[in-house]
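Let me begin by presenting the structure, written as structure tokens, before commenting on it.
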Amino acid sequence: MTYWIQNYVLALAISIFLAGLIIPKILLIAFRRNLFDTVDERKIHRGVVPRLGGIAFLPAFAFSFCLVVGYNLRYGNGVMYSALGESAIPIFFMVCAMMLIYLVGLADDLIGVRYRAKFVLQIIAGCLIVASGNYINDLYGFLWIGEWPSWVGWIITVVVVIFVVNAINLIDGIDGLASGLSAVALIWYSYVFFVSQQYVCLLISGATLGTLVPFFYYNVFGSAESHTKIFMGDTGSLTIGLMLVFLTLAIFNIPLTNNPQNYNLFILAVAPLILPCFDVMRVFFHRVKKGRNPFLPDKSHIHHKLLALGFPQWQALILIVLTDMIFVLVNVALSNMIQPTWLILGDILLWIALNLLITRMIRLRECRLGKKLYD
Numbered sequence: 264m265t266y267w268i269q270n271y272v273l274a275l276a277i278s279i280f281l282a283g284l285i286i287p288k289i290l291l292i293a294f295r296r297n298l299f300d301t302v303d304e305r306k307i308h309r310g311v312v313p314r315l316g317g318i319a320f321l322p323a324f325a326f327s328f329c330l331v332v333g334y335n336l337r338y339g340n341g342v343m344y345s346a347l348g349e350s351a352i353p354i355f356f357m358v359c360a361m362m363l364i365y366l367v368g369l370a371d372d373l374i375g376v377r378y379r380a381k382f383v384l385q386i387i388a389g390c391l392i393v394a395s396g397n398y399i400n401d402l403y404g405f406l407w408i409g410e411w412p413s414w415v416g417w418i419i420t421v422v423v424v425i426f427v428v429n430a431i432n433l434i435d436g437i438d439g440l441a442s443g444l445s446a447v448a449l450i451w452y453s454y455v456f457f458v459s460q461q462y463v464c465l466l467i468s469g470a471t472l473g474t475l476v477p478f479f480y481y482n483v484f485g486s487a488e489s490h491t492k493i494f495m496g497d498t499g500s501l502t503i504g505l506m507l508v509f510l511t512l513a514i515f516n517i518p519l520t521n522n523p524q525n526y527n528l529f530i531l532a533v534a535p536l537i538l539p540c541f542d543v544m545r546v547f548f549h550r551v552k553k554g555r556n557p558f559l560p561d562k563s564h565i566h567h568k569l570l571a572l573g574f575p576q577w578q579a580l581i582l583i584v585l586t587d588m589i590f591v592l593v594n595v596a597l598s599n600m601i602q603p604t605w606l607i608l609g610d611i612l613l614w615i616a617l618n619l620l621i622t623r624m625i626r627l628r629e630c631r632l633g634k635k636l637y638d
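Quick note: the sequence shown uses the working numbering, first residue 264, plus one each step.
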């Protein structure tokens, strides 16, 4: 186990180092070429800020992961050979899907890409993930469903890939939120893969997590005035979203003999994604209820509601990330005691109650201030 901890730390450190080198260069190029995020009434930030931080993610991840694996294959004691095994096949397909999503996000950040085109390419990326053999083949009791036919799993997996990728993209509304929630998920997945002895996925988690650390610093603590602030853009959010859904699917496929403490694998996989996915679903139905196009952006996400309550961005970030961590810990703790359907239903009811409470508090604040704060 020490062997894998050392390699995990090494992949994490190399990824942090590379992303930390690349992001300042992206800032320099962005300001020289006037590549900035547009400011409008929907945006929270003020001042010119580049949104190309996600460009650093794929190079930093690929270099760190490949270097650690390659070094161990060449100079190691053969442990990496046995760990790779058939897991190398899904990785190759994942890299192809990741490159496709990365290029789509980059094109969207630079020149704009129509939503339909992005949707088609996301379907292709989902099909590549399915082709790797890494798909949802069992719901482990959720909706009282166990194993199902492979073709059903293929279709559901493509839908899940599209949904999660867009959920991470849409939650990226205030400084540090998408990267913070993704970091929570990656830390949790790292733990799950370690205790379940899925060591290659452990290295993927570490290399991906490392890309977020320098970005989080520049995104949260950087300043538009000093030209040190950057957004991840669609390049980053779509790429990280794909990595998260790939690792989620990997947990679905953990052998039952390696299941840590007999926790429900469905809950282990989806727990870190509950908050962003629930928020996207709530926003979707909110827009439909208001007669709006559910696919057009507005200011109805959970972070917008907290800002309407008067919280500054950093407090809203802390509250949302802490809530996500609580969801993860509580769901996992209860996963081998409560049927997963009832557990997720409880999450839904709790999420609805929290949002109703927040909305009520916003209305009371609107009455005090005499102006509209949230629609």
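Backbone N, C-alpha and C define an ideal beta-carbon position, used for all residues, glycine too.
| request: Could you check what DSSP says for His308 in three-state terms: helix, strand or coil? | output: On the sequence shown, residue 308 is found 45 positions in, with the first residue counted as 1. Below a pLDDT of 50, predicted positions are generally treated as unreliable, and His308, at 49, falls in that range; the measurement from the model is reported next regardless. It is coil, neither helix nor strand.
| Status (buried if at least 16 other CB within 10 Å, exposed otherwise) for Val383 | Stepping through the sequence shown from its first residue, residue 383 is reached at position 120. That one is exposed.
| message | Using a Cβ-Cβ cutoff of less than 7 Å, which residues in the same chain neighbour Gly283 once the five nearest sequence positions on both sides are dropped? | response | On the sequence shown, residue 283 is found 20 positions in, with the first residue counted as 1. Take Gly283, set aside five residues on each side of it, and the residues of its chain with a beta-carbon closer than 7 Å to its own are Pro477, in chain order.
| task | Look at Ile537 and Asp438 and say whether their C-beta atoms are less than 9 Å apart. | result | For this step, residue 537 is matched to residue 274 along the sequence shown. For this step, residue 438 is matched to residue 175 along the sequence shown. Not closer than 9 Å, so no.
| message | So, with DSSP's three-state summary, where would you put Glu629? | response | On the sequence shown, position 366 is the one that residue 629 refers to. Residue state, collapsed to three classes: helix.
| query | Taking the alpha-carbon positions, what's the Val312 to Asn594 distance? | reply | Here residue 312 corresponds to residue number 49 of the sequence shown, with the count starting at 1. Here residue 594 corresponds to residue number 331 of the sequence shown, with the count starting at 1. Their backbone Cα atoms lie some 37 Å apart in a straight line.
| Where Asp438 sits in the DSSP three-state scheme | Counted from its first residue, the sequence shown places residue 438 at position 175. In this structure, Asp438 counts as coil in the three-state DSSP scheme.
| said: What residue range does the alpha helix (DSSP H) around Thr420 cover? | reply: Within the sequence shown, numbered from 1, the residue matching residue 420 stands at position 157. Per DSSP, Thr420 belongs to the alpha helix (DSSP H) from Ser413 to Leu433.
| field | Buried versus exposed, by CB contacts within 10 Å (16 or more), Arg314 | value | Here residue 314 refers to the residue found at position 51 when the sequence shown is read from its first residue. Buried, by the Cβ-count rule.
| field | DSSP state of Phe324 mapped onto helix, strand, coil | value | As a working mapping, residue 324 is identified with position 61 in the sequence shown. For Phe324, the three-state secondary structure derived from DSSP is helix.
| Other residues of its chain near Ala210: CB distance less than 6 Å, five sequence neighbours each side excluded | Nothing about residue 210 can be reported from this structure: the residues present for the chain run from 264 to 638 only.
| field | Nonlocal neighbours in the same chain, by C-beta distance under 7 Å from Val367, ignoring five residues either side | value | Numbered from 1 along the sequence shown, position 104 holds the residue referred to as residue 367. Close CB contacts of Val367 within its chain, under the 7 Å cut and outside five residues either way in sequence, are with Val376, Lys381, Leu384 and Leu501 (chain order).
| For Phe494 versus Asp401, is the C-beta distance shorter than 9 Å? | Here the question's residue 494 lines up with position 231 in the sequence shown. Here the question's residue 401 lines up with position 138 in the sequence shown. In this structure, Phe494 sits away from Asp401, with a CB-CB distance that is not shorter than 9 Å.
| query | Cβ of Val424 within 9 Å of Cβ of Val508? | reply | As a working note, residue 424 is residue 161 in the sequence shown. As a working note, residue 508 is residue 245 in the sequence shown. Inclusion of Val424 and Val508 in the CB contact set at 9 Å is warranted, their separation being smaller than that value.
| message | Would Thr498 and Asp587 qualify as a contact pair, given that the criterion is a beta-carbon distance under 9 Å? | response | Here the question's residue 498 lines up with position 235 in the sequence shown. Here the question's residue 587 lines up with position 324 in the sequence shown. Remark: C-beta atoms of Thr498 and Asp587 do not approach each other more closely than 9 Å.
| The alpha helix (DSSP H) with Val376 in it runs from where to where? | Position 113 of the sequence shown holds residue 376. Segment: none, Val376 is in no alpha helix (DSSP H) and carries neither H nor E.
| request: Taking all protein chains shown into account, decide if Ala616 is buried (16 or more other Cβ within 10 angstroms of its Cβ) or exposed. | output: Counting from one through the sequence shown, the residue named residue 616 turns up at place 353. A residue is called buried once 16 or more other Cβ atoms fall within 10 Å of its Cβ, and Ala616, having fewer, is exposed.
| Where does Phe484 land, buried or exposed, given buried means 16+ other C-beta within 10 angstroms? | By one-based count along the sequence shown, residue 484 stands at place 221. Around the Cβ of Phe484, a 10 Å sphere holds fewer than 16 other Cβ atoms; the residue is exposed.
| said: Tell me whether the segment 572-585 and the segment 435-452 touch, counting them as touching only if at least three CB pairs, one residue from each stretch, are closer than 8 Å. | reply: Look at the beta carbons and you see the segment 572-585 touching the segment 435-452: at least three pairs across the two are nearer than 8 Å.
| Leu519 to Lys635 span [Cα, whole Å] | As a first step, residue 519 must be located in the sequence shown, where it is residue number 256. As a first step, residue 635 must be located in the sequence shown, where it is residue number 372. Here the C-alpha atom of Leu519 lies approximately 52 Å from the C-alpha atom of Lys635.
| said: Are the CB atoms of Leu406 and Cys464 within a distance shorter than 9 Å? | reply: Taking the first residue of the sequence shown as position 1, residue 464 is located at position 201. Taking the first residue of the sequence shown as position 1, residue 406 is located at position 143. Contact: no.
| What separation, rounded to the nearest whole angstrom, lies between the Cα atoms of Ser445 and Val272? | Indexing the sequence shown from 1 puts residue 445 at position 182. Indexing the sequence shown from 1 puts residue 272 at position 9. Going by the C-alpha atoms only, they are around 18 Å apart.
| request: In angstroms with no decimal places, state the Cα-to-Cα distance between Leu592 and Ile419. | output: Counting from one through the sequence shown, the residue named residue 592 turns up at place 329. Counting from one through the sequence shown, the residue named residue 419 turns up at place 156. C-alpha separation (whole angstroms): 26 Å.
| task | Starting from the C-beta of Met357, find all residues in its chain whose C-beta is less than 7 Å away, skip the five residues before and the five after it, and write them out in chain order. | result | Against the sequence shown, residue 357 aligns to sequence position 94. So the qualifying residues of the chain are Ile392, Ser395 and Phe509.
| Contact check, Gly317 vs Leu281, beta carbons under 9 Å | As a position in the sequence shown, residue 317 is number 54, starting the count at 1. As a position in the sequence shown, residue 281 is number 18, starting the count at 1. No, Cβ-Cβ distance for Gly317 and Leu281 is not below 9 Å.
| Cutoff 7 Å; reference Leu330; Cβ partners in own chain excluding five residues on either side | In the sequence shown, counting from the first residue as 1, residue 330 sits at position 67. Closer than 7 Å at Cβ, skipping near neighbours: Ile277.
| task | Have a look at Tyr266 and His549 and give me their C-alpha separation to the nearest angstrom. | result | On the sequence shown, residue 266 is found 3 positions in, with the first residue counted as 1. On the sequence shown, residue 549 is found 286 positions in, with the first residue counted as 1. Taken atom to atom, the span from the alpha-carbon of Tyr266 to that of His549 is near 49 Å.
| request: Please find out if some non-hydrogen atom of the ligand NAD comes closer than 8 Å to the beta-carbon of Asn525. | output: Looking for the ligand NAD in the displayed structure turns up nothing, as the structure carries no ligands at all.
| query | Exposed or buried, what is Ile517 when buried is set at 16 or more other beta-carbons lying within 10 Å of its beta-carbon? | reply | Your numbering for residue 517 matches position 254 in the sequence shown. Answer is buried; the Cβ neighbour count reaches 16.
| said: Could you give the first and the last residue of the continuous alpha helix (DSSP H) run that contains Gln578? | reply: The residue given as residue 578 occupies position 315 in the sequence shown. Where Gln578 is concerned, the enclosing alpha helix (DSSP H) stretches over Gln576 to Leu597.
| message | Looking at the secondary structure, which residues open and close the alpha helix (DSSP H) in which Arg545 lies? | response | If you number the sequence shown from 1, residue 545 lands on position 282. Its alpha helix (DSSP H) spans residues Ile537 to Lys552.
| Nearest-angstrom beta carbon gap, Pro603 and Gly404 [assumed within contact, 8 Å] | What you label residue 404 is simply residue 141 of the sequence shown in a count that begins at 1. What you label residue 603 is simply residue 340 of the sequence shown in a count that begins at 1. Their Cβ separation, rounded to whole angstroms, is 5 Å, which keeps Gly404 and Pro603 in contact under 8 Å.
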